[in-house]
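In the working numbering, the protein residues as written are 3 to 868.
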């Protein structure tokens, strides 16, 4: 999905800092809300000074390379790859020696007062790295780093992102923003510049634009070209598809003005030749012929007229173009490509070639520029800094240009043109919405599509109803859960802390941990005021010394909870502490039992559901674990009570915490087809990473070597992660200790209530009738049947089918990111089944028609033989 990120730098500059930076993120899909953040950037005068130094070295280095080439090359040669496309400030009518010609072409370089005349490649590369480091330190400052983190949180790494920097300050515009580390992690993102004031252009000449909707009209201006080869640019332009190129070679100002006013309008304005920017007035100048040098303002009205007629893009494949960009931006042109500094002839030609190859074959404008810019790096052995030169100027109010696709023509087949061997009963019933499949010769209609797709859907959903598809659906569910990118969600839940009893801890304190050690750990935690402490350790009977200290901790701190297990029946070792009062049994005990799915051959049972509570009186075998509440529900309640979230039971028997209803699973939910429909359980929406909380070890806790902020106002879970505890479960993220499963459960409830994080959901259903899933599956079955109906060549059919399957997978993946469980496997099966059945049906109809036709025509055939 394409996204637009706009950096409004506000007032300020590198010397004073930027106190009011606003960053806006918006996506092409309007269903996603726009996001905006504010921050600031500190003064960074050293970055401006370092870039000024880089600029001087760049010009000196290229001047040295040009001088070296001039001394070595054949004096009769006129063109050199080291010539720069900068304005020649000389009278071309005078006889000029080649050395004078070169020095003249370099005079417009605007050397700084402290220009360097002796520079090495190593020194230049070192300065490049200094600029990169300085820029990233600046953008990574504490005043701004939060904005970058927000951008990364809300942007997938493979997203297509247009980043626009709005500023009027020339020093900020000239900075190499493409060196920001953000772009290293987002290969489809590219930077552009914009002025702070802009507006959308009111278009005129709409008929002319519609007439050229499938072709790009390019006005190519080849200006004064003394010492450079602009004919190569012309040849590159003429080779691109779906383009009409009109070339003006060294035009006069009047001719250029008249061409811009052309009634048909232009899509692209291209200039190749000498140009420069003047630091005095920040203007850009073009040498359109040997005697005329004009500013953008000299063509203001003609350019405004061309923009009103649909001019979308200006490309200045010439030197020092930031002044040109600033001047044209005042006219609100949609987008431009200019060169940051003087550019060698060969670099200009290679950039144009790379850009046109990408843009004219379907890549987006921004991706084409980035790809072409990065490809210039291959030339930096000869032309240092080449990949820094191309810059985009963008009008944020305008859409980016897209190259038109190839026109597709379809043969006009007359309805009356029937093949001689087709009988009248094979004609198409147009009112039925069908067509004759010329690949098979059979009459296939939309009614057949509906019949085939509906039959396939009923058959697949019938197998699902019987539970045949449940194992593979659950495996697909695990895969989709596991494939969610961790960057789309915060790495840890700041409301939780897990105290792990690791194998090192059990070696130090033995297993199981003695009551006295556990009491000391609880006391240590309470010094820093946690909201709730959950002990995922069974303590029915004493373990070592310190039993009285442990019981006293429970009596003094009602926010400490321990566990029991109802699944172990009368094995009292899994019961609550025997010293507990009836009130403590109800209010300080939660069951540790976790709902699992039995899978044959699995060492650990998989966990996909979250059991909230149960009715102990319904147990077939009475258990000593009498609490009806899970440990996760007890801890969530204790934490949310401080936030004022009321806990009630709805008329349907579901738990409601605050405004969030934890709706229990129906007997048939998603891929599950065998639930009892009575237990208070929901699907477990794991965090996007396996360990969603910060962690410390028991030893760290007891030695008081932790930050108290890790404990204050948090839910603390204590549990064994050493394998000796045999408390492990299988999850979509692999094998996980039970204490971490409880952490996911607590986090799910707390974040749903406080932060609106979605619980897992499925499509609408009525009781056991999963009609929403049925309709979803039917849609994909229809696509399978329609594919066979409409597509004839087998290889295109197979390719199209594969693409639709990828779309199905992508759709289900996008829904799982939003916590929605879509019927992936039933949809895939119905798609394949409907397409296969429809194809077989068409083939059988063809065979019947051929057989009946032979029977009818046999007497005629025999008469002919006689």
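Every residue, glycine too, gets a C-beta built ideally from N, C-alpha and C.
Leaving aside the five residues that flank residue 691 on each side, the residues in its chain whose CB is nearer than 6 Å to its CB run, in chain order, 488.
At a Cβ-Cβ threshold of 9 Å, residue 178 and residue 498 do not count as neighbours. Excluding its 5 nearest sequence neighbours in each direction, residue 403 has C-beta neighbours in its own chain below 6 Å: 314, 315 and 367, listed in chain order. By alpha-carbon distance to residue 555, the top candidate from 545, 123, 526 and 565 is 526. By the C-beta density criterion, residue 644 is exposed, having fewer than 16 other C-beta atoms within 10 angstroms. Taking residue 176 as reference, the option from 56, 745 and 477 with the minimal CA-CA separation is 56.
Out of 245, 230, 238 and 578, the CA that lies nearest to the CA of residue 276 is found in 230.
In this structure, residue 395 lies away from residue 346, with their beta-carbon atoms at least 9 Å apart. Here residue 696 carries a strand assignment [DSSP, helix/strand/coil].
Within the stretch 623 to 649, the runs of alpha helix (DSSP H) that reach at least 4 residues and sit entirely inside it are, in chain order, 633 to 644. Looking at 718, 675 and 252, the one whose alpha-carbon comes closest to that of residue 475 is 675. The Cβ-Cβ distance between residue 612 and residue 696 does not fall below 9 Å. Looking at the backbone, the Cα of residue 472 and that of residue 778 are separated by about 17 Å.
Within the stretch 652 to 714, the complete alpha helix (DSSP H) runs of at least 4 residues fall at 700 to 704.
Just measuring C-alpha positions, the residue of 362, 262, 528 and 548 sitting nearest residue 710 is 528. Here the alpha carbons of residue 388 and residue 62 stand approximately 14 Å from one another.
DSSP places residue 230 in the coil class of the three-state scheme, outside both helix and strand. For residue 39, the enclosing beta strand (DSSP E) stretches over residues 37 to 43. Scanning 832, 821 and 773 for the CA closest to the CA of residue 785 turns up 832.
For a cut-off of 8 Å, the C-beta gap from residue 222 to residue 188 is around 33 Å, too long to register as a contact. Secondary structure at residue 735: coil, using DSSP grouped into helix, strand and coil. Comparing alpha-carbon positions, the option among 50, 37, 823 and 43 lying closest to residue 483 turns out to be 823. Taking 9 Å as the cut-off, the beta carbon of residue 724 is found closer than this to the beta carbon of residue 505.
The C-beta distance from residue 7 to residue 153 rounds to 7 Å, short enough to fall under 8 Å. With 16 or more other CB atoms across the displayed protein chains lying within 10 angstroms of its CB, residue 632 is buried. Residue 473 sits in a helix when the DSSP states are folded into three classes.
Residue 511 is classed as buried because its beta carbon has at least 16 other beta carbons within 10 Å across all chains shown.
Taking 3 residues as the shortest admissible run, the stretch 520 to 583 contains the following complete beta strand (DSSP E) segments, listed from N- to C-terminal end: 534 to 537 and 562 to 566.
Looking from the CA of residue 803, the closest CA among 787, 246 and 629 belongs to 787. The beta carbons of residue 192 and residue 371 sit about 6 Å from each other, so the pair counts as a contact at 8 Å. Taking 9 Å as the cut-off, the beta carbon of residue 304 is found no closer than this to the beta carbon of residue 250. If the five residues before and after residue 810 are omitted, its C-beta is found closer than 8 Å to the C-beta atoms of 782, 826, 829, 830 and 833, all from its own chain and listed in chain order. Taking a 10 Å sphere around the C-beta of residue 201, we find fewer than 16 other C-beta atoms and assign the residue as exposed.
Judged by DSSP secondary structure, residue 274 falls within the beta strand (DSSP E) whose first and last residues are 270 to 274. For the set 272, 295, 335 and 302, the Cα lying nearest the Cα of residue 357 is the one of 272. Look at residue 743 here: in three-state DSSP terms it is helix.
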